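In our numbering, the protein residues as written are 43 to 222.
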């Protein structure tokens, strides 16, 4: 395929790349969802599809390209994600069970109710919760500029290990105001 035809096809299918990236990025945490980078990766997937497409296989190019684009973007996301897929999957199951129960019960579910929803013993639920807890991190870039100067590493670790790391900021701010 000559260069001009290739460029024309890339321009023609660029909206397909943006559409696929948009749908995938909507489901992602903000730190993984840099759309511009993902569109670039998607274009690489499109270029790969242009090279490897075999029209004798009775598959429409758009279908084949969609598969290659999505695969390239997912590979990139997996490379960026430091959490193993199995742990991420367990976290999703846990979160989905909590959401289902909260809607059903109209309140936050108890640990026993969540374990029952997951069809696992309570001990296994606690193990799952510990594994999922490692996913929640707070970036130091999200903290106020003087935050790390005001609190010791021990204070921060104590707060994180005591419960939900997202409560860290609130708890530390309360402690700071109480000291004053």
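By construction, the Cβ of each residue, glycine as well, lies at the ideal position given by its N, Cα and C atoms. Predicted model, so just to flag it, every value in this text is computed and none were measured.
Whether residue i touches residue j by CB criterion (8 Å)
i           : j           : result
residue 111 : residue 58  : yes
residue 173 : residue 135 : no
residue 291 : residue 167 : The question about residue 291 has no answer here: the residues shown for the chain are numbered 43 through 222.
Minimum C-alpha distance to residue i - residue among the options
i           : options               : result
residue 106 : 94, 81, 116 and 115   : 94
residue 60  : 130, 171 and 79       : 79
residue 89  : 56, 121 and 120       : 56
residue 109 : 67, 119, 146 and 62   : 62
residue 171 : 150, 145, 137 and 148 : 137
Other residues of its chain near residue i: CB distance less than 7 Å, five sequence neighbours each side excluded
i           : result
residue 160 : 135, 139 and 167
residue 51  : 92
residue 84  : 59, 62, 63, 111, 114 and 115
residue 81  : 59, 60 and 63
residue 45  : none
residue 203 : Note that residue 203 has pLDDT 48, beneath the 50 cutoff, so the model's placement of it is unreliable and no number is given.
Straight-line gap, residue i to residue j (C-alpha atoms, nearest Å)
i           : j           : result
residue 129 : residue 117 : 17 Å
residue 97  : residue 104 : 11 Å
residue 121 : residue 143 : 33 Å
residue 164 : residue 158 : 8 Å
residue 66  : residue 86  : 16 Å
residue 76  : residue 53  : 21 Å
residue 145 : residue 68  : 22 Å
residue 47  : residue 102 : 18 Å
residue 162 : residue 149 : 21 Å
residue 151 : residue 169 : 18 Å
Cβ of residue i within 8 Å of any chain B Cβ
i           : result
residue 116 : Of the protein chains in this structure there is only one, and it is not chain B.
Contact set for residue i: own chain, Cβ-Cβ below 8 Å, skip 5 residues either direction
i           : result
residue 127 : 120
residue 147 : 155
### Query
In the segment 57-119, which residue ranges form an unbroken beta strand (DSSP E) of at least 3 residues, counting only runs that do not cross its ends?
Those beta strand (DSSP E) runs which fall completely within the segment 57-119 and span 3+ residues do not exist here.
### Query
Whole alpha helix (DSSP H) runs in the segment 134-179 with 4 or more residues, listed along the chain?
If one requires a minimum length of 4 residues, the alpha helix (DSSP H) runs lying completely within the segment 134-179 are 153-160 and 164-175, in chain order.
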